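Residue numbers 61 to 542, in the numbering used here, belong to the letters of the sequence shown in order.
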Amino acid sequence: MSHSYQLIWFRQDLRIHDHAALWHATQAGQCIALVILSPEQWQQHDDAPIKIEFYLRQLQQLKQQLNTLNLNIPLIIQHIPLWKDVGNFFTELLQRINIENVYANIELGVNELKRDHDVQKVLNQQQKELILFHDRTLFPVRSIRNQSNLPYQVFGAFKKTCYQRLQHGLPQCYPLPDAQRPLAEDFSFFNQANLTTLQQAYASTLEQNMIDHWPAGETYALDLLDEFVRKRLNHYKQARDFPAQVGTSQLSAYLNIGILSIRQCIQALFRQQHGDFVIQSESQQVWLDELLWREFYQHILFDFPQVSKHLPFKSSTQNIPWRDDLIALEQWQQGKTGIPIVDAGMRQLLATGWMHNRVRMICAMFLSKNLLIDWRKGEQWFMQHLVDGDLAANNGGWQWCASTGTDAAPYFRVFNPISQSQKFDSNGDYIRTWIPEIAHLDSKTIHEPFANTKIQNLDYPMPIVELKSSRTRAIETFKTYL
Numbered sequence: 061m062s063h064s065y066q067l068i069w070f071r072q073d074l075r076i077h078d079h080a081a082l083w084h085a086t087q088a089g090q091c092i093a094l095v096i097l098s099p100e101q102w103q104q105h106d107d108a109p110i111k112i113e114f115y116l117r118q119l120q121q122l123k124q125q126l127n128t129l130n131l132n133i134p135l136i137i138q139h140i141p142l143w144k145d146v147g148n149f150f151t152e153l154l155q156r157i158n159i160e161n162v163y164a165n166i167e168l169g170v171n172e173l174k175r176d177h178d179v180q181k182v183l184n185q186q187q188k189e190l191i192l193f194h195d196r197t198l199f200p201v202r203s204i205r206n207q208s209n210l211p212y213q214v215f216g217a218f219k220k221t222c223y224q225r226l227q228h229g230l231p232q233c234y235p236l237p238d239a240q241r242p243l244a245e246d247f248s249f250f251n252q253a254n255l256t257t258l259q260q261a262y263a264s265t266l267e268q269n270m271i272d273h274w275p276a277g278e279t280y281a282l283d284l285l286d287e288f289v290r291k292r293l294n295h296y297k298q299a300r301d302f303p304a305q306v307g308t309s310q311l312s313a314y315l316n317i318g319i320l321s322i323r324q325c326i327q328a329l330f331r332q333q334h335g336d337f338v339i340q341s342e343s344q345q346v347w348l349d350e351l352l353w354r355e356f357y358q359h360i361l362f363d364f365p366q367v368s369k370h371l372p373f374k375s376s377t378q379n380i381p382w383r384d385d386l387i388a389l390e391q392w393q394q395g396k397t398g399i400p401i402v403d404a405g406m407r408q409l410l411a412t413g414w415m416h417n418r419v420r421m422i423c424a425m426f427l428s429k430n431l432l433i434d435w436r437k438g439e440q441w442f443m444q445h446l447v448d449g450d451l452a453a454n455n456g457g458w459q460w461c462a463s464t465g466t467d468a469a470p471y472f473r474v475f476n477p478i479s480q481s482q483k484f485d486s487n488g489d490y491i492r493t494w495i496p497e498i499a500h501l502d503s504k505t506i507h508e509p510f511a512n513t514k515i516q517n518l519d520y521p522m523p524i525v526e527l528k529s530s531r532t533r534a535i536e537t538f539k540t541y542l
């Protein structure tokens, strides 16, 4: 082996701007890059086909950027079905390429940490290091602690500490690395994954409309962030709960696979304050708090690994006797419950790979409370279909709605989906978009079609559960087993 290299290992961080591991690797010497594709592992993790297809499209963009922006960083794309075999791959890699150290951004799930531990052992045997950076969160895990040096379990207290940290200075973005001189060696012999073939295989299972809904590319994502901050942020507090409006940032899919960084979002949020932590509007604070909810659940995932293992955060809820109703579960999954706002949300998910956050809460609480079906079945269904499916956020949201999580809704809080619909989709525009069979109904009737006895012969199901009695059933069940 001749020249030695730093290896930058891209994972859920497919960008070149504001990339902690990439920047540090390039400061240490000449670099080559690696991406490992693990379709079998993705399947075990219930990753949605649209999420994987989106990831692979973005990987194509990253590959081009590493070349066309004159960074001259060759990219090795390797197919390794399961993460348990990644350590063996690194053993082989070190035999063929003179790697000094490996640079990567930390991933916080149990399986991800185990994979990285295995790689670290292989590297340490040859006096090399896996150097990890905290890039997915604003603050490193273990750094936000209470006075007893324990992790926070209540969001309000966590947020207060985050505010105090931000007052000392906003996290700064890393600069784009300088171009390195072209490398003489050819690394293509290691490319054992045909990226185009794999991307097309996932795309073939999806409707083109769904794919078109999620353009890839850093430039597109940064423009989306800029547009949100300039045009929609001022109305965010008022508009974010109304699913018929484009009132949210629409950035979750781009944050999730790292096309955008959380630092870029924070810097954009305080751009008008010249990077100072000065909150000037309620909408600005509300979006900041939403970003901190994301942060909170990432820290929870690391500090309480049981949530990665299909266990409730509150062990006292482990014995709740969830109903085993496969028919009702399928009706919920397919958007055929007879509750229009729920069905609209579930159909939006199937059609686009995304669902409005307010509607996610309505659908999750309907399944876990009104149907009293195990929240983990809903969590899995969401992961299998969400383009922005993130274990920490998805698990945190589901456990909040099911009253099994940290700082969750109390068990006696049960959204009435009809009331929610009337409040946040008063004209029924969102419902009409996704349920054409009742689109002709007036804005009062559309929320609860069968409450009007004059309505007959609808090509739409009757409600599969009575809301009042099912609410009572859920409350009594929780009361008995807690």
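Positions of the beta carbon are idealized from the N, C-alpha and C atoms, including for glycine. Since the structure is predicted, the reported quantities are computational estimates derived from the model, not experimental observations.
Here the C-alpha atom of residue 228 lies approximately 16 Å from the C-alpha atom of residue 331. For residue 95, the uninterrupted beta strand (DSSP E) segment begins and ends at 91-97.
Using a Cβ distance threshold of 8 Å, residue 137 and residue 251 count as a contacting pair. In the displayed model, residue 249 falls within a helix according to three-state DSSP. Taking C-beta atoms as the reference points, residue 100 and residue 266 fail to come closer than 8 Å.
Secondary structure of residue 120 (DSSP, three-state): helix. For residue 64, the CB contacts under 6 Å within the same chain, skipping 5 residues up- and downstream, are 158 and 160 in chain order. Rounded to whole angstroms, the gap between the alpha carbons of residue 318 and residue 98 is 17 Å.
With a cutoff of 8 Å on beta-carbon distance, residue 478 and residue 491 are scored as not near each other. The beta-bridge partner set that DSSP reports for residue 138 consists of 96. Nearest neighbour of residue 233 by Cα position, chosen from 168, 284, 378 and 326, turns out to be 326. Counting along the chain, the unbroken beta strand (DSSP E) around residue 161 starts and ends at 159-165.
For residue 351, the secondary structure class from DSSP, reduced to helix, strand or coil, is helix. Residue pairing of residue 205 in beta bridges, as defined by DSSP: 211.
Minimum Cα-Cα distance from residue 416 among the listed residues 431, 429, 442 and 436 corresponds to 442.
For residue 322, the enclosing alpha helix (DSSP H) has its first and last residue at 322-329.
Residue pairing from DSSP places residue 65 in a beta bridge opposite 159. Counting C-beta pairs with one atom in each stretch, the segment 446-465 and the segment 356-371 have three or more that are closer than 8 Å, which means they touch. One alpha carbon belongs to residue 240, the other to residue 255, and they sit about 25 Å apart. Under the three-state reduction of DSSP output, residue 191 falls in the strand class. Residue 249 has its alpha-carbon roughly 11 Å from the corresponding atom of residue 135. Residue 70 has 95 as its beta-bridge partners, per DSSP. With a minimum length of 4 residues, the unbroken runs of alpha helix (DSSP H) contained wholly in the segment 294-320 fall at 296-299 and 312-316.
Residue 495 sits away from residue 270, with the two beta carbons spaced by 8 Å or more. One thing to note: residue 283 has its Cβ no nearer than 8 Å to the Cβ of residue 328.
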